[in-house]
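S.K.:
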Amino acid sequence: MSALREKILTVATDLFQTRGINSTGVDTIVAVAGTTKMTLYKYFKSKEILILEVLQQGHQEFQSWLNAKLDQSSKKPAEKLQKLFDFVEEWVTSPDFRGMAFMKASAEFPNEENIIHKLSAEHAKEFRSYIADIASQAGVIEAEALALQLSMLIEGAIQAEQMKRGSGAIKYAKKAAKVLIDAAPKKPQ
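Note that numbering that gives the first Met the number 0 numbers the sequence shown so that position 114 is 113, with each residue one more than the last.
(1) Given this structure, state the Cα-to-Cα distance separating residue 30 from residue 10, to the nearest angstrom.
(2) My assumption, with CB atoms under 8 Å, is that residue 81 sits in contact with residue 138. Please give the rounded CB distance.
(3) Distance, Cα to Cα, residue 154 vs residue 2?
(4) Go ahead and pull the three-state DSSP assignment for residue 75.
(5) Are there 16 or more other CB atoms within 10 angstroms of the CB of residue 174, so buried, or fewer, so exposed?
(6) Tell me, to the nearest whole angstrom, how far the beta carbon of residue 152 is from that of residue 172; I am working on the premise that it is less than 8 Å.
(7) How about residue 93 and residue 104: are their beta carbons less than 8 Å apart?
(8) Please state whether the Cβ-Cβ distance between residue 182 and residue 169 is less than 8 Å.
(9) Can you give the Cα-Cα distance for residue 36 and residue 142, rounded to whole angstroms?
Written out as structure tokens, the structure is:
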């Protein structure tokens with residue numbers, strides 16, 4: 000990937016996260032990136048394509064980071080499930096935290112037929128599937144249901160933290176998650 004294309008992606012990511020997607024025009028992106036509209040459109044055929052790439056890159060980076068953290072923490076799925084909220088807490092309380100891009104994008108593009116909304120919904124589904132896979136490996140009988148409950152806790156804590164840094168919502172979500180994980184019916188071992 001060219002350095003200029005990467006810079007445009009980085010600038011767009013920062014501006015979309017801090018100012019909002021709809022509030023950030025192409026003129027602002029090129030000014031901050033120190034380039035021209037012609038160059039931006041050389042790499043991204045439209046602002047919509049740029050948005051989709053920003054969302055895809057952010058999703059992949061977060062999933063890779065979380066997966067690496069969980070893999071380093073334990074090889075046992077049951078322990079990974081418990082550790083999930085530790086790492087989400089680490090991320091949410093870090094100075095670089097800006098929230099889940101797919102949550103913000105779906106709010107800015109609420110029409111379910113919009114391609115940006117569809118990609119955001121797909122990212123949310125992939126995140127739940129990721130949690131469900133860990134839960135299933137841990138022997139949870141209703142892994143999909145637990146994954147939905149845990150993802151709701153995570154997304155709610157993220158939203159609370161976006162609204163007020165230091166809200167502490169993740170600590171309460173973590174406690175609720177432990178109750179749900181411990182109570183989830185498991186296959187006999």
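All C-beta atoms, glycine included, are put in the ideal place defined by N, C-alpha and C.
M.R.: Walking through what the data contain:
(1) Rounded to whole angstroms, residue 30 and residue 10 show a C-alpha spacing of 10 Å.
(2) The pair is not a contact, with the Cβ atoms about 13 Å apart (cut-off 8 Å).
(3) Looking at the two C-alpha atoms, the distance is approximately 33 Å.
(4) Correct three-state label for residue 75: coil.
(5) Burial is judged here by how many other beta carbons sit within 10 angstroms of a residue's own beta carbon; residue 174 has fewer than 16 and is exposed.
(6) That pair is a contact at about 4 Å.
(7) Their beta carbons are not under 8 Å apart, which means residue 93 does not touch residue 104 by this criterion.
(8) Taking 8 Å as the Cβ cut-off, residue 182 and residue 169 do not qualify as a contacting pair.
(9) Straight through space, the alpha carbons of residue 142 and residue 36 are spaced by roughly 47 Å.
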